[in-house]
Amino acid sequence: MPHRVAVTGLGVISAIGQNSGEFWQSLQLGRSGIGPLQAVDPALLRFSNGAEVRNFAPSEHFDEKEISLLDRFAQFGVIAARQAIAAAGIQWTQQLRESAAIVTGSCVGGQTTEDEGFVNLYRNNIPRVNPFTIPRSMENAAASRISLETGVVGPTYTISTACSSSNHAIGQAFWMVRSGAASMAITGGSEAVFSLGFLKAWEAMRVVSPDTCRPFSKDRRGLILGEGAAMLVLEPLDAARARGATVLGEIVGFGMSSDAFHITQPSPDGAARAMRAALADAGVDAAAIGYINAHGTATLANDATETAAIRQIFGAHADRLAVSSTKSMHGHTLGAAGAIEAAATLLGLHHGILPPTANFTEADPACDLDVIPNTARPTPTEFALSNSFAFGGLNAVLVFRRAET
Amino acid sequence: MSYEELTSRVRAVIAATQHLPQEKITADSTFLELGIDSLDGINILFAVESEFNINIPDEVAQNLRSVRDVIDGIAKLLGAQGDCGQGNQAAVTA
């Protein structure tokens, strides 16, 4: 018998809050964390804004030795995991440590660390690179550190599928808990993107907005990069109830697909296939979905394509459901996007308030959905989707359910 | 720089980045005809920026659909930069 899968813990660190309470407060108010870049000199770039985690002091979370071994992306992942574990009230036993899983997502791992090391090598003529560069920059650094801290010795791994990384990770963890392959899972994703070399590469892609992120708005000019992490604790619903844990919501379905179309241009068919697969996996009728946390990057191509895909799957129901892109507030956090948006979706269902699409100014006929412009909306909702579509044409969609009361 | 020289350098850059014979590329070729998609387009702009030592703003980049669009865009930028003459059109002589 497959288990129903409950989310019993949630941790978030992002540009709009450094714990799940602050994060929800910002989402509810439609408050954006996008602002002038601080990590790098914007004079060297064609764009000048980002969604950075401001006033972040690693020393408040880690000792000096830990900091020397952890890139910013891994620090974010560990902090979110600690919050999620504390919220879930996990009591570790040897049996639990052996049967629990850790599955994380990251697109670029510790590229900030690599950037620093290679500047020294290539520009500053320092012929040595820090020996911690490798353990700091590996994409699984956060997963491994969470394993070391918790003593979890079960399946632990990291998925890297660009902007779908953490939806793929959460989906794998969900399936493992549902099938009984893992008795519990810590899952999500983390990312730290603000190094000059990496930002110059995004600049060359010509998809970053020169002002802000306006998903589905006619005057949208591209994405805004963001950083942060979110982690969830998943466990069988019956086990969660038996131990008296607070159930924040459920994950009920996961679907994935590949476009096999183009390395960077999105395809409505691929996105639609992933949504269809997720609904089928959940055994939930499309008409039951009340909210979609969209991929909604605010690029010209994504938002129109995603709208077409949603119409393809939901037909007339597409005019009855609400869609928003919370990237308008926390930015596009690449490999952490699915995790941070899972947190936004779960909190929205839990509070009965759907988070808005911030910075929205003008309707676009190519994106003619109810995108909850600018103001959060009180709407009790049972089922929601969260979409992630990656460069490379890889799509991953999760289905969430509000907790039963 | 003459318009002919500019045209010939742009054709050479596009030929090199797209792995196409130069004779297939004329000033009137559209990106569609040459099989140039959006990702190829930004790669061409990257090469063009290096070739002419210019910065092409995103809003200019978004509206390029043909080889002539690229040539005229560069002529404008070189003119505005004042590298090869004075004023917009004076930089590149017809």
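Residue numbers (the working numbering), protein chains in the order written: chain E, 4 to 408; chain S, 27 to 120. Heads up, the beta-carbon is just placed ideally off N, CA and C, and yes, glycines get one too.
Between S328/E and D306/E, the C-beta gap is smaller than 9 Å, which places the two residues in contact.
DSSP assignment within the region 100-173 of chain E yields the following whole beta strand (DSSP E) runs of 3 residues or more, N-terminal first: 103-108, 159-162. By the Cβ criterion, the region 201-208 of chain E is in contact with the region 42-55 of chain E, since at least three pairs of Cβ atoms, one from each stretch, lie closer than 8 Å. The shortest CA-to-CA distance from A277/E to any of G396/E, E407/E, G38/E, F26/E is the one to G396/E. For chain E, the residues of the region 52-68 of chain S that bring a beta carbon within less than 9 Å of one of its beta carbons are D63, S64, L65, G67, I68, in chain order. L237/E sits buried, since 16 or more C-beta atoms from the chains shown fall within 10 Å of its C-beta. In the structure shown, E407/E adopts coil according to DSSP, grouped into three states. Against A87/S, the close residues of chain E are R209, in the order they occur along the chain (beta-carbon pairs closer than 7 Å). Beyond the five residues adjoining it in sequence on each side, L13/E comes within less than 8 Å, by CB distance, of S23, Q86, A87, A90, A233, M234, L235, V236, L251, A346, L349, L350 in the same chain, given in chain order.
Judged by their CB atoms, G273/E and F264/E are nearer to each other than the 9 Å cut-off. V39/S sits in a helix when the DSSP states are folded into three classes. In this structure the region 149-161 of chain E does not lie against the region 377-393 of chain E, because fewer than three pairs of beta carbons, one per stretch, are closer than 8 Å. Assignment of R94/S by DSSP, reduced to helix, strand and coil, places it in the helix class. For G225/E, the nearest CB of chain S lies under 9 Å from its own CB, placing it at the interface with that chain. The three-state secondary structure of P5/E, taken from DSSP, is coil.
Legend: CB atoms of the region 251-276 of chain E lying less than 8 Å from CB atoms of chain S belong to residues H265, I266, T267, Q268. By the rule that beta-carbons nearer than 9 Å mark a contact, N79/S does not touch chain E. Taken through DSSP and simplified to helix, strand or coil, G355/E comes out as coil. Proximity of chain S to R49/E at the Cβ level (cut-off 8 Å) is accounted for by N81, P83, D84, in chain order. Taking C-beta atoms as the reference points, G99/S and I82/S count as a pair closer than 9 Å.
The beta carbon of L58/S sits closer than 8 Å to the beta carbons of R91 from its chain, once the five residues preceding and following it are set aside; these are given in chain order. Around the CB of N58/E, fewer than 16 other CB atoms lie within 10 Å, so the residue is classed as exposed. Bridge partners of M187/E according to DSSP: A103/E. Distances from the alpha-carbon of A339/E to those of G112/E, V122/E, A243/E put G112/E closest. In this model, I80/S and I137/E are separated by some 36 Å (Cα to Cα). S168/E counts as buried, since no fewer than 16 other beta carbons sit within 10 angstroms of its beta carbon.
Taken in chain order, the unbroken stretches of beta strand (DSSP E) that lie wholly in the region 180-263 of chain E and span 3 residues or more are 187-194, 231-239, 252-261. The DSSP assignment places complete alpha helix (DSSP H) segments of no fewer than 4 residues inside the region 46-73 of chain E at 67-72, in order along the chain. Within 9 Å of the CB of P138/E, no CB atom of chain S is found; the nearest one sits about 33 Å away. Just so you know, the alpha carbons of R244/E and I356/E end up roughly 25 Å apart. By the rule that beta-carbons nearer than 9 Å mark a contact, L103/S does not touch chain E. Per DSSP, A387/E is one residue of the beta strand (DSSP E) stretching across 386-392. The criterion of a C-beta distance shorter than 9 Å is satisfied by L282/E and I316/E. The beta carbon of A290/E does not come within 9 Å of any beta carbon belonging to chain S, so the residue lies off that interface. Counting along the chain, the unbroken alpha helix (DSSP H) around N69/S starts and ends at 64-78. Using a Cβ-Cβ distance cut-off of 8 Å, the region 25-36 of chain E and the region 107-123 of chain E are not in contact, since fewer than three pairs of beta carbons, one from each stretch, lie closer than that value.
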